[in-house]
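In what follows, a single structure is set out as structure tokens and then discussed.
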Amino acid sequence: MSLRSPLYSQRKPLLAVVALLVTGFLAIALLGYYAAHASVRDTLLKTLYLNLLIGALVTLTVLVILYRLIDRYQHRIDAQATLDSLTELPNRRGFDLLAVQALHEAQREPKPLAALLLELDEFKRLGATHGHIASDQLLTGFARDLTDSLRHSDIVCRWSGEAFIVLLKDTDGQNGLKIAEKIRQRIEQQRYFCSGKELRVTVSIGLTTLQDEDTLHSLLSRTDHALQRARQTGNNRTCVQMPHSSYE
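For what it's worth, this note's numbering labels the leading residue of the sequence shown as -18, then goes sequentially.
Right, here's the structure in full:
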């Protein structure tokens, strides 16, 4: 699934216009040929073939250049549509594309997969105290530290505001908890320098693991419930939610 730019939809009309131009050129050339005297028809025929060859090469070159330009522009539009502009992590649209594939692979193998939902504690209060620029710098720094704590194969995205979501591939619940605690402790010890001020922040984390019958919705629902328990029991902690009930 990807977004299609307006230029993408113009490829077929573009080809149709070129086809009409070539057809018109051929029609005019043929009419001129049959209207000429027999003595010059051979010369006209050779000229016609040469012109057709040159015209075909020029048309093909223009089409290739236009196609590559449109395709490059489309890739740029798709990337912008699936990346968060502040942290440069995948946004929710980008996460959906990556997560569906990750769940399919994990359930087909089958392989374990753990999901983390992380939220910075007291973020709105920090924003009200230090301003939006400092808040953005804090989010950028947190996203960088979070990414550095993970493997290249793991999926991480900015879910919304101060919330981030992570899919840990080939990771069971026990190892997922170790990774979550490693992240939580790293953030707790970190110092962020934002707008000339040193800020400290903690993070609450909800954790669950993928089950055979899970959809992406049910998996994320459990991580959200686990995160809410972490928030309600004092913040700066990791809570685990196992699939003992349905949140569909």
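Quick reminder that beta carbons are idealized off the backbone N, C-alpha and C, glycines included.
Rounded C-alpha distance that separates T196 from T68: 27 Å
Helix, strand or coil at R185 [DSSP, three-state]: For the record, residue 185 in the displayed sequence is Ser; it is not Arg. Correct three-state label for S185: strand.
Are the CB atoms of F76 and C175 within a distance shorter than 7 Å? no
If you check the beta carbons only, do P93 and T189 fall under 7 Å apart? no
Along the chain, where does the beta strand (DSSP E) containing S202 start, and where does it finish? Note, S202: premise wrong, no beta strand (DSSP E); alpha helix (DSSP H) at L197 to Q213.
When W140, V182, L120 and G157 are compared against A80, the one with the closest alpha-carbon: W140
Between the region 106 to 117 and the region 152 to 164, can you find at least three pairs of beta-carbon atoms closer than 8 Å? no
Any idea if E179 is buried or exposed, counting beta-carbon neighbours within 10 angstroms, 16 or more meaning buried? exposed
By a C-beta neighbour count over all protein chains shown, 10 Å radius and 16 as the cutoff for buried, is T42 buried or exposed? exposed
Judging by CA-CA distance, which residue of N217, E90 and R181 is the nearest neighbour of A115? R181
Alpha carbon of Q118 to alpha carbon of R218, nearest angstrom: 23 Å
Taking the beta strand (DSSP E) that R125 falls in, what are its first and last residues? Looking at the DSSP string, R125 is not in any beta strand (DSSP E); the run it does join, the alpha helix (DSSP H), is H113 to D129.
How about S185 and E100: do their beta carbons lie closer than 7 Å? yes
Classify A83: buried if its beta carbon has 16 or more other beta carbons within 10 angstroms, exposed otherwise. buried
Locate the beta strand (DSSP E) running through R132, then write down its first and last residues. That residue, R132, is in no beta strand (DSSP E); it is neither H nor E in DSSP.
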